[in-house]
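Residue numbers (the numbering used here): 35 to 223.
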């Protein structure tokens with residue numbers, strides 16, 4: 035518990051410095067623990083299926099979907115959240131978190147619009163397309179990575195950094211979506 039208090043105090047006192055100090059550890063975690071499964075066939079298939087289902091969505095429709103999500107966060111068993119949490123890919127994401135022994139706090143994948151496809155847990159919103167985790171990955175193409183600073187995450191209530199990477203179609207090499215993995219800062223110490 036003392037370590038938790040110390041880490042929290044450091045992060046609150048000097049968040050920019052603490053974030054910079056965690057970046058190499060987050061990069062190492064990404065390379066060692068995430069990149070070997072981020073483009074798994076089931077993840078690629080789920081993103082491609084949602085991209086097909088959402089072809090032609092307007093920005094207004096995306097924002098309406100996001101508002102509907104935000105309105106039901108307290109009751110995640112309802113639409114539109116349930117389909118994102120209750121599918122085989124979401125089950126696989128939760129299994130990855132369980133296998134990480136506390137290092138991973140959340141995982142969610144996004145389609146080409148930045149809309150959630152599958153998630154280990156409820157996210158605060160459905161549309162990630164207006165956030166750096168999506169814009170700096172899918173928006174910049176194959177091989178792009180976004181590593182956030184370490185901060186208290188409102189969804190997980192833990193100090194975490196987020197690692198986001200572009201997901202590509204293995205047949206074409208074209209970006210099709212992105213994945214974000216929350217990593218507990220304490221697990222990196």
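Ideal Cβ placement from N, Cα and C applies to all residues, glycine included.
The structure presented is a predicted model; accordingly, all values stated were derived computationally and were not measured.
Residue burial classification, residue i (beta-carbon count within 10 angstroms, cutoff 16)
i: residue 206; result: exposed
i: residue 177; result: exposed
i: residue 140; result: buried
i: residue 86; result: exposed
i: residue 223; result: exposed
i: residue 75; result: exposed
i: residue 216; result: buried
i: residue 210; result: buried
i: residue 43; result: With a pLDDT of 40 at residue 43, under the threshold of 50, the modelled position of that residue is not reliable, and no figure is offered here.
i: residue 37; result: Confidence in residue 37 is poor, its pLDDT being 39 and thus under 50, which makes the residue's placement unreliable; the coordinate value appears in the next sentence. Residue 37 should be labelled exposed.
i: residue 17; result: An answer regarding residue 17 cannot be provided, because it is not within the stretch 35 to 223 covered by the chain.
i: residue 99; result: buried
i: residue 144; result: buried
i: residue 195; result: buried
Bridge partner(s) assigned by DSSP for residue i
i: residue 186; result: 193
i: residue 181; result: 197
i: residue 216; result: 140 and 196
i: residue 161; result: 149
First through last residue of the beta strand (DSSP E) which encompasses residue i
i: residue 153; result: 150 to 153
i: residue 166; result: Unbroken run through residue 166 is the alpha helix (DSSP H), 166 to 169; no beta strand (DSSP E).
i: residue 205; result: Segment: none, residue 205 is in no beta strand (DSSP E) and carries neither H nor E.
Best match in the options for proximity to residue i [C-alpha to C-alpha]
i: residue 130; options: 108, 181 and 153; result: 153
i: residue 192; options: 208, 210, 164 and 221; result: 221
i: residue 65; options: 114, 150, 181 and 105; result: 181
i: residue 103; options: 90, 117 and 91; result: 117
i: residue 212; options: 223, 132, 218 and 173; result: 173
i: residue 187; options: 161, 199, 157 and 63; result: 157
i: residue 63; options: 137, 81, 106 and 127; result: 137
i: residue 95; options: 147, 121 and 142; result: 147
i: residue 208; options: 73, 123, 68 and 134; result: 73
i: residue 175; options: 203, 160, 190 and 59; result: 203
i: residue 119; options: 134, 160, 97 and 133; result: 160
i: residue 162; options: 107, 80 and 214; result: 214
i: residue 93; options: 149, 68 and 105; result: 149
i: residue 109; options: 82, 69, 155 and 122; result: 155
Start-end ranges of the alpha helix (DSSP H) lying completely within the stretch 74 to 130, minimum 4 residues: 75 to 87, 93 to 105 and 116 to 119
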